[in-house]
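The structure under discussion appears below in the form of structure tokens.
Numbering (full-length UniProt numbering), first residue to last: 1 to 829.
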């Protein structure tokens, strides 16, 4: 057995608690990397599976941007393009549906043609029943939501298989038999709340006004989808646009994923810091042993190997624990933090993921240990042989502190002038700057905390002096704690700021306090009846349209502009509110959301060409609003007057999809009235709450990793406190020899734990607030300016956990050192 191996084994057996804590820190680093890797991989797989399910057999969607739709010849042309194996048109039409002839008004529904069991190559997902037979002309499948709406609107019991429904065909109201109910899945959203009939019945009974707004193309294996898209554009020109149905199959974590990677990296840094702290403390305790080895002829490289072998043994021992903990962490994250619109992914562990996590975690631990191990090997021999150097005040080096100003300056500059990616780099630089300046900041923080604690404990002065005297050790201990606390505080503050920005968005969007939603377009008569409900002041209609503009498709929301001109909602930034709404009410003009306008270079007076029933019409941008209603493509929509919309787009632009209802404060009446028509009603406060829960759900993954980092940083704190207690036992015994009782000795040790932990917590909170202020500034965009909100509850929880954990971990060693024999403790080595 070699000398480094023997000395490392003896050191581990001599300090089993420190060895255990170091192994736990390494294991947690491996667990974080593995858990995050498995979670991201699982969520990405589920997202891609959902996108593939939504796309069905379609490789490329060809959508009409101008004109009434594609002709049969154009569909045949698409089918004959190179690389296309099938071209299936999406036949759809809006008709009136009713359950009985007594219902004169009926309900406007969207009928879609089935080819086999799919619509435009998207398989129809059935909740009950079956699809119509291929040659049927009298069987339909109803969406479950639409079926409920029709039954409630006509005061019927819930519809079932075999019930009848009347649809207005080319020859009048014809009766169809319900043979199935769809649950809305598998159609990419365009088949929701629809009536599904066979393609044969669609072409035979609904030929008038039938539109082919989209054709789904199935590409032959091995063909390039982008090349096929270029051929489509060459064949049909600007009248169509192409879209890859799998384009939205990115990570469900979206913009949170870079922050998740950043927090994971910071967790590894904390773990490496905990290992470095452990080796530094071991080197401090074994300084005389190291001095004797050097005096006996051992080289600095051999001393370095002794400490690195010790860390390597602990790392190997931590690997199985880290892998198991990582799998458990992944299972927890996937079960609790999966987005609501995705199923919880199956726990899949890849061998490469395990190997990567082990390599990264082990590398971080070994790199963290290498720095103090090298320093220990180069420590002067005579200084190591000195009996009691602990009473000397540690000196600070110029090198790390000199890096702090440039790091902080560049980080702040990136926050001011950069975007979200620059904010991530700025965060790292600011953290690096704070860590480099800790030898200066830590003593000041300890003095401030000691002054506050002096009001509760007379031992704070002595405790503070111990920490200030060992300023380098204190700074190293507080480095991981500062990062961990800063991460937790930053995530909480970022969530609070984003929530405040989202609440401002919702508050400026609606003028009322209740939003009534309909699965299909409703008539103005329904609006009038809901307006007449008790406690309703006004009910403003909102109609959502999709309008072609050049080669793109824009979302348009129609509103009753006179009501908004004098009321609230839709915060107009320029020009004057009355002028903007008056211009929209008087002709072809729109209001544009600020972010959308900035992205397209629009100003007040700019012109936007929209394809209408009267041809391509230039609509003027009459004003800019802070926010608008969401469009179906994920962007915000343009705002148009409802009468102008009916004039240019026809009767299909009439009616409403949603109602913005203002009540006297009691929403129960309007909720009940909406339910009588099969409509849902939700308060604006509930909308805010839903957005808040969704955001907190997304950021929960970051907070979970930050908590693990906090645990790793606490290991370094506990390690330092234990060493301080052992090395300070001689001084403590001398105080006892001159009159300090055991209770006073215990209070002195516990006070030092409080001052150390509170110092790190304060530095972490301040750093976290500085980081999040910069990040909020960097991620601000036109129309979305999240404000800083101090996360008081999170700060209290984190600070309490840090201080409480440190005190609890120190109680037993404090009791032991207070009971130590005075004579034995002060005896010279």
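Every residue, glycine too, gets a C-beta built ideally from N, C-alpha and C.
query	result
Coarse secondary structure for residue 590, derived from DSSP in three states	strand
Length-filtered (4 minimum) alpha helix (DSSP H) runs lying within the stretch 242-311	256-285, 287-295
Where residue 158 falls: helix, strand or coil (DSSP)	coil
Residue burial classification, residue 627 (beta-carbon count within 10 angstroms, cutoff 16)	buried
Buried or exposed (CB count within 10 angstroms, at least 16 for buried), residue 821	exposed
Inter-residue spacing [alpha-carbon to alpha-carbon] between residue 114 and residue 160	20 angstroms
Expected contact under 8 angstroms - CB spacing of residue 271 and residue 25 to nearest Å	5 angstroms
Collapsed DSSP secondary structure at residue 814 in the structure displayed	helix
Cut-off 8 angstroms between Cβ atoms - residues of its own chain near residue 129, not counting five sequence neighbours on either side	141, 161, 178, 179, 180, 181
Unbroken stretches of the beta strand (DSSP E), 3 residues or longer, contained in the stretch 631-716	638-641, 656-663, 680-683
Alpha carbon of residue 5 to alpha carbon of residue 366, nearest angstrom	16 angstroms
Buried versus exposed call for residue 588 [16 or more other C-beta atoms within 10 Å across all chains shown]	buried
Continuous beta strand (DSSP E) stretch holding residue 124: start and end	Careful: residue 124 lies outside any beta strand (DSSP E) and carries neither H nor E.
Assigned exposure category for residue 381 - 16 Cβ within 10 Å defines buried	exposed
Per DSSP, the bridge partner or partners of residue 111	93, 195
For residue 169, three-class secondary structure by DSSP	strand
Residue nearest to residue 370 in terms of C-alpha spacing, selected from 428, 311, 638, 357	311
Collapsed DSSP secondary structure at residue 773 in the structure displayed	helix
Distance between residue 70 and residue 656 (C-alpha atoms, nearest Å)	28 angstroms
Run of the beta strand (DSSP E) containing residue 407, from where it starts to where it stops	Taken as a continuous stretch (DSSP letters only), residue 407 belongs to no beta strand (DSSP E), being part of the alpha helix (DSSP H) at 398-417.
Beta-carbon proximity of residue 745 to residue 814, cut-off 9 angstroms	yes
DSSP three-state assignment for residue 459, whether helix, strand or coil	coil
Residue 212 - DSSP class collapsed to helix/strand/coil	strand
Helix, strand or coil at residue 427 [DSSP, three-state]	helix
Residue 771, buried or exposed, once every other Cβ within 10 Å from all chains shown has been counted against 16	buried
6 angstroms CB neighbourhood of residue 292 in its chain, flanking five on each side removed	none
Residue 517 (DSSP reduced to helix, strand or coil)	strand
Nonlocal neighbours in the same chain, by C-beta distance under 7 angstroms from residue 333, ignoring five residues either side	35, 39, 701, 704
Option in 396, 434, 421 with minimal Cα separation from residue 409	434
Any non-hydrogen atom of the ligand SAM within 8 angstroms of residue 464 CB	In the structure shown, the ligand SAM is absent, as is every other ligand, since no ligand is present at all.
Touch test, the stretch 613-623 against the stretch 570-581, Cβ-Cβ under 8 angstroms, three pairs minimum	yes
Three-state class that DSSP yields for residue 626 in the structure shown	coil
Beta strand (DSSP E) segment containing residue 559, residue limits	552-559
Rounded Cβ spacing between residue 638 and residue 592 (contact assumed at less than 8 angstroms)	6 angstroms
Residue 796 classed as buried or exposed, judged by whether at least 16 other C-beta atoms fall within 10 angstroms	exposed
Neighbourhood of residue 686 by C-beta distance below 7 angstroms, restricted to the same chain and skipping five residues each side	none
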